[in-house]
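Letter 421 of the sequence shown, counting from 1, is numbered 430 in the working numbering, and no numbers are missing. Every residue, glycine too, gets a C-beta built ideally from N, C-alpha and C. For reference, the structure discussed in these notes is given below.
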Amino acid sequence: MASINMNELTTPLNKIEENLTHIPFFRALSSQALTAISAKLRYIHLDHDEVVFLEGSPADSMFLMESGQVKVSTGTGLQEKIVNYLGPGNFFGEMALLLDQRRSATVTVTIDVDLWVLYKKDLDELLIEFPEIALNLTRELSRRLSDVMSEVKKRPGYSLVTVVGDQPWRLAKQIQELTKQRVALFNVSGQPIGSSVGANFQSESLTFVEKDAQLSEDDLTDTLGILVDSYDWVLMVVSPEYSEINAKAVDLSKATVLLNTRAKEWLINFSDGPIFQCDSADEKDVGRTARKITHRVVGLALSSGGARGIAHIGVLKVLEAANIPVDMIAGTSAGSLFGGLYACGKTTDEVAYFAKNLVNITGFKSGLWDPKFTLPWDGLIKGNATLKFLAKQFDNAIFADTKTPFYVVATDVLTGEEVIFEKGSVAEAVRASIGMIGIFSPYRHNGQYLIDGGAVNPVPATVLAEKGANIIIASSVIPSIEEERARGQTTSKRQRQPSFLGVLSSMMGIMEREIVRTRMSPVDVLIRPRVELYTAMDYDKAVEFIHLGEEATEKELPMLQKMLKN
Numbered sequence: 010m011a012s013i014n015m016n017e018l019t020t021p022l023n024k025i026e027e028n029l030t031h032i033p034f035f036r037a038l039s040s041q042a043l044t045a046i047s048a049k050l051r052y053i054h055l056d057h058d059e060v061v062f063l064e065g066s067p068a069d070s071m072f073l074m075e076s077g078q079v080k081v082s083t084g085t086g087l088q089e090k091i092v093n094y095l096g097p098g099n100f101f102g103e104m105a106l107l108l109d110q111r112r113s114a115t116v117t118v119t120i121d122v123d124l125w126v127l128y129k130k131d132l133d134e135l136l137i138e139f140p141e142i143a144l145n146l147t148r149e150l151s152r153r154l155s156d157v158m159s160e161v162k163k164r165p166g167y168s169l170v171t172v173v174g175d176q177p178w179r180l181a182k183q184i185q186e187l188t189k190q191r192v193a194l195f196n197v198s199g200q201p202i203g204s205s206v207g208a209n210f211q212s213e214s215l216t217f218v219e220k221d222a223q224l225s226e227d228d229l230t231d232t233l234g235i236l237v238d239s240y241d242w243v244l245m246v247v248s249p250e251y252s253e254i255n256a257k258a259v260d261l262s263k264a265t266v267l268l269n270t271r272a273k274e275w276l277i278n279f280s281d282g283p284i285f286q287c288d289s290a291d292e293k294d295v296g297r298t299a300r301k302i303t304h305r306v307v308g309l310a311l312s313s314g315g316a317r318g319i320a321h322i323g324v325l326k327v328l329e330a331a332n333i334p335v336d337m338i339a340g341t342s343a344g345s346l347f348g349g350l351y352a353c354g355k356t357t358d359e360v361a362y363f364a365k366n367l368v369n370i371t372g373f374k375s376g377l378w379d380p381k382f383t384l385p386w387d388g389l390i391k392g393n394a395t396l397k398f399l400a401k402q403f404d405n406a407i408f409a410d411t412k413t414p415f416y417v418v419a420t421d422v423l424t425g426e427e428v429i430f431e432k433g434s435v436a437e438a439v440r441a442s443i444g445m446i447g448i449f450s451p452y453r454h455n456g457q458y459l460i461d462g463g464a465v466n467p468v469p470a471t472v473l474a475e476k477g478a479n480i481i482i483a484s485s486v487i488p489s490i491e492e493e494r495a496r497g498q499t500t501s502k503r504q505r506q507p508s509f510l511g512v513l514s515s516m517m518g519i520m521e522r523e524i525v526r527t528r529m530s531p532v533d534v535l536i537r538p539r540v541e542l543y544t545a546m547d548y549d550k551a552v553e554f555i556h557l558g559e560e561a562t563e564k565e566l567p568m569l570q571k572m573l574k575n
C-alpha cells in the first residue's frame with residue numbers, strides 16, 4: 010500500500026480552489042466553504058496498481074478525485090468482487106470516516122490518480138462550520154448508491170484496451186454494435202490511423218479522439234480519467250514502436266489487442282493483462298476479438314451419442330442462420346467428429362452430406378474397419394483404417410489449422426483421466442475420442458491408452474469454461490432414463506433382442522447419463538434434440554436427426570439472442 014505522507018505535495022491555496030471547481034461535488038458550495046476546504050486538503054499522486062487503502066484497515070481520511078480512476082473491491086484473488094469504478098469528481102472513504110469504522114473495501118488505482126486527502130479532524134471542523142458540505146455529501150452518496158448496481162453491469166470485460174495494428178476502428182465498431190454501449194477510440198500513436206475514421210465514425214455512442222501533438226504522460230492519464238468516466242469502452246491506439254507514451258498506455262490498459270501484427274518485447278514487458286491476437290481484418294475474426302474484450306465469448310459443447318450426434322449438425326445450421334457466433338467448440342466422441350469437420354472449415358451442408366453417407370460406410374463390409382484377432386485382445390477393431398479415413402475427411406488438418414478453436418475430449422483407460430486435445434492431428438484426436446469401449450482398441454498416444462471421451466465428460470462444457478468461454482451452449486443428445494423408457498414403450502410392444510453393438514451402446518449411454526448430471530454446471534443454454542425416438546446405431550436416420558437438432562435449437566434462439574445482447 011502506498012504511503013500517503015511520502016507522496017504529499019504542497020500546492021498554492023488558490024490553485025487548490027481552482028481545481029476544486031472542476032469537481033462536480035464542490036461546484037455548488039460557497040466560496041467561503043471552498044476556501045476553508047482548500048486550506049485543509051493535501052494533494053497526492055498515486056500510480057497505476059498502487060493501493061490507496063486496504064479492506065479492514067483503520068480509517069483516518071477521505072479522498073477526493075481530480076483525475077484518473079480507482080477500483081473499489083472486496084475480497085482478494087478468486088474471491089475478489091468489484092463493487093465499483095470511480096473517476097474524476099468522485100470521492101471515497103467517507104463512510105468509514107464518518108462512522109468511525111474500519112475500511113469496508115480495498116481501493117486500487119487503475120489509472121494514475123491525482124487525489125485530495127481530507128483527514129478526520131479537519132472534516133469534523135468543516136461540517137460544524139459549513140453544514141452545506143454535509144448536504145452535498147448526502148446528495149452525492151444517494152447518486153452513487155443508485156449507480157452502483159448499473160456500474161458493474163456496464164463494465165464487463167476489459168473496459169480499457171490498448172490496440173496495436175491495422176484498422177482499429179473496425180474493432181471499435183464491433184464492440185459498439187455488440188454491446189450497444191458508448192465506445193471511444195483514442196489515438197495516442199501520433200500517426201494517422203486511416204481515412205475511414207471521420208465524420209461517419211462520430212456519433213453519440215462512438216467517438217474518435219485524437220491526441221495533442223505534445224501529449225505528456227500526465228495529460229494521458231488525465232484524458233483517460235475523463236474518457237473512462239464518460240464511455241463504457243475506451244480503446245487506445247498505439248504504434249508498435251516503443252515510446253514513453255505508448256508504454257504508459259499499455260501499462261494502464263486492462264488488455265492489449267494485436268491486429269495483423271506481432272507483439273514486440275517492450276509491449277509484452279509493459280502489459281499486465283491478456284494479449285489478444287487477431288490475424289485478419291475479417292469481420293468474423295474482429296468480432297471474435299470484440300467478444301473476448303467484452304466477455305461475450307460463445308462456446309459450443311457437442312456431446313457424445315453415436316448416430317444421435319448427427320443432430321448436432323442441425324444445431325450448427327440454425328445457429329449459423331441466426332448469426333449466433335460460435336467462438337470455440339468442444340466435442341466428445343460423435344460431437345468431436347461433426348464438430349471437428351465444422352471447425353476445420355466445412356460448411357454445414359458438407360457436414361450433413363458426410364453424415365447422410367455414414368450409413369454406407371459404417372457396415373463391416375465397407376473396408377473401413379480392420380478387425381483385431383491377435384492377443385492381447387482389447388477391442389473388435391484396431392482402428393488404423395478408421396484413422397486413415399478420418400485423416401482424409403479432415404484434410405490432414407492439425408488444430409492450428411482450424412477456423413474455429415477446437416477441443417476434443419478422450420479418456421485414459423488406465424487412469425480414468427480426462428485428456429483434452431488442442432494440438433497436433435485433428436484426426437488422431439477424433440479417433441481417440443470415438444473409441445467406444447469393446448469396439449475399438451484403445452488409441453495409443455504419448456504413452457497413454459485412450460478411449461471414448463464419453464467415459465469421463467460426455468458433454469464437454471467444463472472444457473469451454475476452462476478455455477475462457479463466457480456464454481456456453483451445450484447440445485446434448487444423451488436422453489434421460491425417463492426418455493429412454495418412453496421410447497421403449499412407444500416403439501414396439503415386442504422388443505427386439507439387442508445386438509452386441511446395441512448392448513455396448515446402451516451400456517455407454519447409461520454411464521454417460523450418470524456423468525452428465527454432475528458436469529453441466531457451466532452451461533448457460535442447453536439444447537436437447539428429442540433423439541430418444543431412435544437408437545445410437547441408427548445411422549440411416551441422418552435426415553431425421555438433423556431435423557430434430559434444428560427444431561430443438563429454434564426453441565432456444567430467443568434465450569441465446571437475449572444473452573448475447575446482455
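Run through the region 223-253 for me and flag every whole alpha helix (DSSP H) of 4 or more residues, listed as ranges in chain order. 226-239
Are the CB atoms of V418 and E559 nearer to each other than 7 Å? no
Quickly, what does DSSP pair F217 with across the bridge? List them, please. L194
Closest Cβ-Cβ distance between T303 and chain D: below 7 Å? Of the chains in the structure shown, none is chain D; there is only one protein chain.
Exposed or buried, H321, counting other C-beta atoms within 10 Å across all chains shown (16 or more means buried)? buried
Could you tell me the boundaries of the alpha helix (DSSP H) in which E138 lies? 129-138
Selection from G463, H57, D549 that minimises the alpha carbon distance to D123: H57
State yes or no: is the C-beta of P451 within less than 7 Å of the C-beta of I460? yes
Taking the Cβ atom as the reference point for each residue, do A181 and V173 lie within a distance shorter than 7 Å? no
Considering Cα atoms alone, identify which of D288, N255, A299, L268 is closest to N278. N255
Delimiting residues of the beta strand (DSSP E) encompassing R440: No beta strand (DSSP E) holds R440; the alpha helix (DSSP H) holding it covers 435-442.
Within 8 Å, do at least three Cβ pairs link the region 84-91 to the region 130-137? no
Looking at the structure shown, is N393 part of a helix, part of a strand, or coil, going by DSSP? helix
My understanding is that N408 touches V435, with C-beta atoms under 8 Å, so please give their C-beta distance in whole angstroms. The sequence as given places Phe at residue 408; Asn does not occur at that position. The Cβ separation is near 6 Å, so the contact holds.
Looking at the strands, I want to know which residues DSSP matches up with F430. V417
Smallest Cα separation from G323: which of F554, E89, D69, I53? F554
Which of the three DSSP states is assigned to G282 in this structure? coil
Should L50 and L127 be called a contact, given that it needs their Cβ atoms to be closer than 7 Å? yes
Under a three-way DSSP split, which group does H321 fall into? helix
Got a sec? Which residues, its chain only, sit under 7 Å from W275 by beta carbon, not counting five neighbours each side? Y251, A256
For K273, is the classification buried or exposed, using 16 other Cβ atoms within 10 angstroms of its Cβ as the cut-off for buried? exposed
Here's a check: name, in chain order, each residue in its chain whose Cβ is nearer than 6 Å to the Cβ of F403, leaving out the five neighbours to either side. C353, V435, A436
What residues in its chain sit with their C-beta under 6 Å from that of Y351, if we drop five residues either side in the sequence? L325, V360
Here's the rule: buried if 16 or more other CB atoms are within 10 angstroms of the residue's CB, otherwise exposed. What is G348? buried
Just to confirm the assignment, what range does the alpha helix (DSSP H) spanning G340 have? Here G340 belongs to no alpha helix (DSSP H); instead the beta strand (DSSP E) covers 337-341.
Could you tell me the alpha carbon to alpha carbon distance between I481 and V439, rounded to whole angstroms? 22 Å
Using DSSP with H/G/I as helix, E/B as strand and the rest coil, what is M572? helix
May I have the straight-line CA-CA distance separating M104 from K571, to the nearest angstrom? 38 Å
Looking at C-alpha atoms only, which residue of Q200, S239, L215 is the closest neighbour of Q223? Q200
Any idea what DSSP makes of A483, helix, strand or coil? strand
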